[in-house]
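Notes follow the structure.
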Amino acid sequence: MHSAFDKMKGNVGSISNADEKARWQANVDMWQTVVDHHDQMLKHMEDAQAKGMGCGMELPRSTDGGVTS
């Protein structure tokens with residue numbers, strides 16, 4: 000999710016049409032909220048699991064034991 004979002008943010012700078020650039024910037028702002036919320040929810044779920052308060056879901060684990068996103 001982060002790499003696609005980074006590409007989206009990078010595209011905004013290359014847009015020359017002011018209206019189109021404003022539309023893309025609004026999309027970036029909205030997606031920033033979504034990505035931030037997703038990251039915060041993963042952290043809360045990880046913290047809850049570490050305390051033994053599972054939320055009924057298993058978080059995907061990477062091969063090094065960290066949570067993947």
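Every letter in the sequence shown is one number past the one before it in numbering that gives the first Met the number 0, and letter 53, counting from 1, is 52. We treat Cβ as the ideally placed atom computed from N, Cα and C, and that holds for glycine.
Query: Does the region 1-15 come close enough to the region 23-31 that 3 or more CB-CB pairs lie under 8 angstroms?; Result: yes
Query: By Cβ distance below 7 angstroms, which residues in the same chain neighbour Val27 in space, the five residues on each side in sequence not counted?; Result: Met7, Lys8 and Val11
Query: Quick check: what's the CA-CA separation for Glu45 versus His36?; Result: 14 angstroms
Query: If distances are taken between C-alpha atoms only, which option among Ala49, Glu19, Asp18 and Thr32 comes closest to Phe4?; Result: Thr32
Query: Measuring only the C-alpha atoms, how far is His43 from Met0?; Result: 18 angstroms
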